[in-house]
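Residue numbers (this note's numbering): 221 to 768. Where a beta carbon is used, it is the ideal one built from N, C-alpha and C, also for glycine. Contents: one structure, followed by commentary.
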């Protein structure tokens, strides 16, 4: 077999196996190189193959393996990556190796479990280091009992540093600006717990103001501590100063809505910047919907940073004219109805038509892992705030995956009331009856858009259970429809061919009397299973029709 593979192709195959993120244990790729003597010799003779030393950080063999990689890589730039929370012993051993081979360390990623020792002592020169990731854990249960890791870089030690990610590393906002200004990527995690743990407003904004070359900014649970009164968080009415990030192309903010709003209303970035906002639900929230609406308006340029943003003001007061951002397509994926988490993707054009345009805005509404909200009230408030912010952009395509029901009520009327210009509606659900009932409810309330194209994907494979209900809905409310596509699960024969699917002939005739084009198409069980991930209706980051 090896006689038919060039050395270059062999090395490429080895590297792909090595870098497989789903492969565990991390060192298992070496087994592939032992298939025969030629393969092993080829691997040993390739320094670049050993340029990625990925270990878990808590196994006895991790330090010897990193040493082996550094030796076999020779002078090739090396990535030393601890992929799981490491122990103090392993981290200390790897730090010794990093110091010995400092001249050709290109990327360094350290993650450490809760410890009292100070392990991130990079007090030596790393002239080739381009990316540095330092993650420390301080929590034991809900209590922060472990100290921050102290690390203050000497600028001359890191002349090539361009990417930086930090979690629980002491006060990076007090670092020398000369270490920050060259950065093209910055990620901060868990910097908001107040004095001694998180920055003040002036400290964080001052740090951001030095990042003139930054292309990617990620702030997760990070921000200054906002003043509170009776558990109501307040944002100053005049967000000042405004921090301009002229090179920014990717912005990610994840926090409680009030913190996301406070941060983004202080930032100014080019229109081509793609934005990912994650709003975390929490019980006892006040005016969260307005906060979400304001944050999204700011992300899309619809909100003027110089306008008032106090909660007593009307959201939208003083807003600027709509920015030249086109949101033509909205895709929504809802988790199981008892989780109340959702992803919303806003695109310039419909990806069902093969569009590959950049994603201007991605929105997530998620549960707090430690304190999940016990009902769907907060979810509904946040979702409505997001919909109100998107409404002025008049998207014409809506793709919806998941249950139409949040707790006991349908959220579809809320969605279609705010998105009145929808002309193409695509639905994928295991609850088609509830969906048709929801559409009927919209019509009864006078809030249904003039839908021209309706695509209903039934993940149950039981057309007979809802075809009568669909006929009634179309007969009464389908005058605007130009096409109707029904997809339903079909079995495959031994050759893999899907069985034909159809609805009752008399019902088909009635539908065709109202709609010009009616199609009934089969959906394979494999395609259904890709959408039903346990209790989740998942359409993003998977090999499914709606994959982003």
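Query                                                                                                                                                                   : Result
Going by C-alpha distance, which of 341, 492, 520, 509 is nearest residue 485?                                                                                          : 520
What is the residue span of the beta strand (DSSP E) that residue 331 lies within?                                                                                      : 325-332
Do residue 367 and residue 324 have their CB atoms nearer than 8 Å?                                                                                                     : no
Rounded to whole angstroms, what's the CA-CA distance from residue 635 to residue 440? Just pull it up for me.                                                          : 28 Å
Take residue 378 and list the residues in its own chain whose beta-carbon comes closer than 7 Å to its own, dropping the five residues that flank it on each side.      : 346, 349, 399
Per DSSP, residue 742 is paired with what?                                                                                                                              : 708
Can you check DSSP and say which residues form a bridge with residue 621?                                                                                               : 553, 648
Tell me where the beta strand (DSSP E) around residue 584 begins and ends.                                                                                              : 581-586
Entirely within the stretch 263-348 and at least 3 residues each: give me those beta strand (DSSP E) ranges in chain order.                                             : 272-275, 298-302, 325-332
Touch check for the stretch 497-504 and the stretch 596-608: three-plus C-beta pairs under 8 Å?                                                                         : yes
Compare the C-alpha of residue 730 against each of 495, 717, 708, 704 and name the closest.                                                                             : 704
Roughly how many angstroms lie between the CA atoms of residue 421 and residue 410, to the nearest whole one?                                                           : 15 Å
Specify the secondary structure class of residue 508 as computed by DSSP and reduced to three states.                                                                   : helix
Specify the secondary structure class of residue 530 as computed by DSSP and reduced to three states.                                                                   : At residue 530 the pLDDT is 34, less than 50, meaning the model places this residue with poor confidence; the figure from the coordinates comes in the next sentence. In the structure shown, residue 530 sits in coil (DSSP, three-state: anything other than H, G, I, E or B).
Under DSSP, the beta strand (DSSP E) around residue 199 begins and ends at which residues?                                                                              : This structure cannot speak to residue 199, because the chain is shown only from 221 to 768.
I need the straight-line Cα distance from residue 465 to residue 380, nearest angstrom please.                                                                          : 21 Å
Under the assumption that residue 250 contacts residue 277 (Cβ atoms under 8 Å), give the Cβ distance between them as a whole number of angstroms.                      : That pair is no contact at about 18 Å.
Over the uninterrupted beta strand (DSSP E) stretch that includes residue 564, give me the two end residues.                                                            : 562-567
Output needed for residue 652: all residues of its chain with C-beta closer than 6 Å, excluding positions within five of it in sequence on either side, in chain order. : 678, 686
What residue ranges within the stretch 377-401 form continuous alpha helix (DSSP H) runs of no fewer than 4 residues, ordered along the chain?                          : 397-400
Can you give me the C-alpha to C-alpha distance between residue 582 and residue 462, rounded to a whole angstrom?                                                       : 23 Å
Along the chain, where does the alpha helix (DSSP H) that runs through residue 235 open and close?                                                                      : 227-238
Would you please state the rounded distance, in angstroms, between the beta carbons of residue 609 and residue 513? I believe it to be under 8 Å.                       : 5 Å
What number of angstroms, rounded off, separates the C-alpha of residue 419 from the C-alpha of residue 397?                                                            : 16 Å
Kindly indicate the opening and closing residues of the beta strand (DSSP E) around residue 682.                                                                        : Premise fails: residue 682 is in no beta strand (DSSP E) and is neither H nor E.
Which stretch, first to last residue, makes up the beta strand (DSSP E) that contains residue 355?                                                                      : 351-356
Quick one: give me the first and last residue of the alpha helix (DSSP H) that residue 441 is part of.                                                                  : Residue 441 -> not in any alpha helix (DSSP H); beta strand (DSSP E) instead, spanning 436-442.
With distances taken from CA atoms, which of 494, 660, 708, 310 is nearest residue 681?                                                                                 : 708
Return the residue from the list 658, 667, 549 that minimises the CA-CA distance to residue 613.                                                                        : 549
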